[in-house]
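Chemist: Please read through the structure below; I'll follow up with questions.
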Amino acid sequence: PLPVILDGDPGLDDAVAWLLALASPEDLAVLALTTVHGNVGLDLTTRNAGVVLALAGKDVPMYAGADRPLLTEAITATRVHGETGLPARDLPEPRGTVEAEHAAHFIVRTLRERPGEVTLVATGPLTNVALAFRLAPELPALTREVVWMGGSTGQGNRTPAAEFNALADPHAARIVLESGAAVRMFGLNVTMQALATPDRVERLHGLGNRVGAVCAELLSFYAGMYRERYGLTGGALHDPLAMAAVLRPELCEMKPMRVAVETQEGLNFGRTVCDLYGVTGEAANVSVAVGVDDVAFFELLTERLGRLP
Ligand code: BDR
Ligand code: CA
């Protein structure tokens with residue numbers, strides 16, 4: 012199994028992504044859950060990490076990281092994820108205790124201990140990863156890969172130009188994308204095609220386990236906003252798609268290209284400017300998802316979630 016550190020801001024789709032990972036021990040060895048500010052504040056994303064472990068019935072170390080972006084003011088997405096980040100009724104109490112070490116220090120220590128082996132799966136703002144890369148300049152070269160849900164080759168969602176995870180810490184995104192580490196990016200251009208439609212949500216409910224019921228409830232909450240704002244038939248499974256592509260890279264068509272992050276304040280603040288057609292002639296720094304088999308993705312997600320309690 013591939014050793015992974017899951018860094019994110021649960022957040023309902025982060026929670027579904029982490030459940031997918033925890034349900035897949037033959038593919039992934041989850042070394043830790045590390046939390047960051049994002050959809051809700053750090054206290055809540057960290058509490059929600061423990062709730063995910065309780066739902067999965069697994070014991071994995073947890074580390075809390077940055078409670079704010081590097082330079083900007085923190086933003087949240089409670090309209091999408093509810094006030095707590097996990098809008099479901101009968102959630103278990105968090106399982107496990109949070110380690111004292113800061114997430115960025117944990118990432119540095121672990122990647123030094125296992126050079127070239129560990130994949131960082133980041134499904135939130137990249138603050139923790141950027142801090143780790145700044146604490147230890149050799150770290151990008153020691154990272155097997157950074158897999159990031161964030162950015163977009165086209166439209167944003169938090170602003171017309173910027174995707175939420177990119178906008179929530181554009182400077183961190185820039186540090187990581189320009190670090191020289193191998194980065195695979197799953198942006199809105201593919202994740203908005205991976206929808207939790209009503210029939211898919213019904214299938215999760217029909218799994219008959221608690222995880223299926225909770226995921227169905229979370230995704231039903233989420234669907235309202237997607238219907239209102241985008242006219243879509245379901246919520247986009249952003250973070251689960253990136254996680255699924257760690258398990259099964261063939262789910263997405265990838266293209267290497269130059270990606271720059273706009274860090275100048277203004278209309279395009281936080282935009283990932285993707286050189287899709289190679290017009291700059293600059294060397295590629297990111298492998299960007301440009302196509303997705305959403306049917307195969309949802310089959311995998313459903314089968315795996317069905318294994319949990
Ligand atoms: C991303 O932003 C968050 O709200 C989701 O969890 C996902 O990581 C989508 O833009
Ligand atoms: Ca997220």
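In terms of the UniProt record's numbering, the sequence shown is residues 12 to 320. For every residue, glycine included, the Cβ atom is placed at its ideal position computed from N, Cα and C.
Kindly indicate the opening and closing residues of the beta strand (DSSP E) around A133.
Modeler: Within the sequence shown, the letter at position 122 stands for residue 133. Looking at the DSSP string, the run of the beta strand (DSSP E) that includes A133 is T130 to A133.
Chemist: Taking the C-alpha atoms as reference points, what is the distance between A26 and L252?
Modeler: Here residue 26 corresponds to residue number 15 of the sequence shown, with the count starting at 1. Here residue 252 corresponds to residue number 241 of the sequence shown, with the count starting at 1. Looking at the two C-alpha atoms, the distance is approximately 12 Å.
Chemist: Going by DSSP, what residue range makes up the beta strand (DSSP E) through M268?
Modeler: For this step, residue 268 is matched to residue 257 along the sequence shown. C263 to M268 is the extent of the beta strand (DSSP E) around M268.
Chemist: Quick one: measure Cβ to Cβ for G161 and G198, integer angstroms, because I've assumed they're closer than 8 Å.
Modeler: Here residue 161 corresponds to residue number 150 of the sequence shown, with the count starting at 1. Here residue 198 corresponds to residue number 187 of the sequence shown, with the count starting at 1. Right, their Cβ atoms sit about 7 Å apart.
Chemist: Note down the Cα distance separating V212 from E228, rounded to an integer number of angstroms.
Modeler: Position 201 of the sequence shown, counted from the start, is the residue given in the question as residue 212. Position 217 of the sequence shown, counted from the start, is the residue given in the question as residue 228. V212 and E228: Cα-Cα distance of roughly 8 Å.
Chemist: Whose CA, out of G165, L13 and V257, lies closest to the CA of Y288?
Modeler: Here residue 288 refers to the residue found at position 277 of the sequence shown. Of the listed residues, the one whose Cα sits closest to Y288 is G165.
Chemist: State yes or no: is the C-beta of A88 nearer than 7 Å to some heavy atom of ligand 1?
Modeler: Translated into the one-based positions of the sequence shown, residue 88 becomes position 77. Yes - ligand 1 has a heavy atom lying nearer than 7 Å to the Cβ of A88.
Chemist: If T57 and A85 are in contact, beta carbons under 8 Å, what's the gap, nearest whole angstrom?
Modeler: Start at 1 with the first residue of the sequence shown, and residue 57 comes out as number 46. Start at 1 with the first residue of the sequence shown, and residue 85 comes out as number 74. In fact, because the Cβ distance is near 14 Å, the residues do not count as touching under 8 Å.
Chemist: So what's I16 in DSSP terms, helix, strand or just coil?
Modeler: Stepping through the sequence shown from its first residue, residue 16 is reached at position 5. Looking at I16 - three-state DSSP - the assignment turns out to be strand.
Chemist: Would a C-beta distance cut-off of 8 Å place F280 and P151 closer than the cut-off?
Modeler: For the purposes of this step, residue 280 is taken as residue 269 along the sequence shown, with counting starting at 1. For the purposes of this step, residue 151 is taken as residue 140 along the sequence shown, with counting starting at 1. No, Cβ-Cβ distance for F280 and P151 is not below 8 Å.
Chemist: Could you tell me whether any non-hydrogen atom of ligand 2 is closer than 7 Å to the CB of residue 2?
Modeler: The question about residue 2 has no answer here: the residues shown for the chain are numbered 12 through 320.
Chemist: DSSP three-state label for T89, please.
Modeler: By one-based count along the sequence shown, residue 89 stands at place 78. T89: helix per DSSP, three-state reduction.
Chemist: For S298, list the residues DSSP reports as bridge partners.
Modeler: Counting from 1 along the sequence shown, the entry for residue 298 is found at position 287. Its beta-bridge partners are R195 and P267.
Chemist: Which value, in whole angstroms, describes the spacing of the CA atoms of S231 and L319?
Modeler: Start at 1 with the first residue of the sequence shown, and residue 231 comes out as number 220. Start at 1 with the first residue of the sequence shown, and residue 319 comes out as number 308. Cα to Cα, the separation comes out at about 20 Å.
Chemist: Take L188 as the anchor and find which of P14, V290 and E273 has the nearest alpha-carbon.
Modeler: Position 177 of the sequence shown, counted from the start, is the residue given in the question as residue 188. If we check each option's Cα against that of L188, E273 comes out closest.
Chemist: Which value, in whole angstroms, describes the spacing of the CA atoms of V119 and P14?
Modeler: Position 108 of the sequence shown, counted from the first residue, corresponds to residue 119. Position 3 of the sequence shown, counted from the first residue, corresponds to residue 14. Computed Cα separation, rounded: 15 Å.
Chemist: Using DSSP bridges, identify the partner residues of C285.
Modeler: Taking the first residue of the sequence shown as position 1, residue 285 is located at position 274. Answer is V270.
Chemist: For P209, which residues of its own chain have a beta-carbon under 8 Å away from its beta-carbon, when the five flanking residues on both sides are left out?
Modeler: The sequence position of residue 209 within the sequence shown is 198, counting from 1. Counting only Cβ-Cβ distances below 8 Å, and skipping sequence neighbours, we find A234, T244 and G245.
Chemist: Restricting to Cα atoms, I'd like to know which of R315, G127 and V71 is closest to R259.
Modeler: Against the sequence shown, residue 259 aligns to sequence position 248. Ranking R315, G127 and V71 by Cα distance to R259 puts R315 first.
Chemist: Check whether the Cβ of G135 sits closer than 7 Å to any heavy atom of ligand 2, and report yes or no.
Modeler: On the sequence shown, position 124 is the one that residue 135 refers to. Yes.
Chemist: Please return the same chain residues whose Cβ sits closer than 8 Å to the Cβ of V63, not counting the five positions on each side in sequence.
Modeler: Taking the sequence shown and counting its residues from 1, one reaches residue 63 at position 52. Contacts found: P21, A26, W29, L30, L33 and L44.
Chemist: So G317 and N220 are supposed to be a Cβ contact under 8 Å. How far apart are they, rounded?
Modeler: As a working note, residue 317 is residue 306 in the sequence shown. As a working note, residue 220 is residue 209 in the sequence shown. Indeed, because the Cβ distance is near 7 Å, the residues count as touching under 8 Å.
Chemist: Hey, would you say the C-beta of G246 is under 7 Å away from at least one heavy atom of ligand 2?
Modeler: Sequence index remark: in the sequence shown, residue 246 carries index 235 (1-based). Because no heavy atom of ligand 2 lies under 7 Å away, the Cβ of G246 does not count as near it: no.
Chemist: Put A147 into one of helix, strand or coil per three-state DSSP.
Modeler: Position 136 of the sequence shown holds residue 147. DSSP places A147 in coil when its eight states are reduced to three.
Chemist: For Y74, which residues does DSSP report across the bridge?
Modeler: Sequence index remark: in the sequence shown, residue 74 carries index 63 (1-based). The partner list for Y74 (beta bridge, DSSP) reads T45 and E110.
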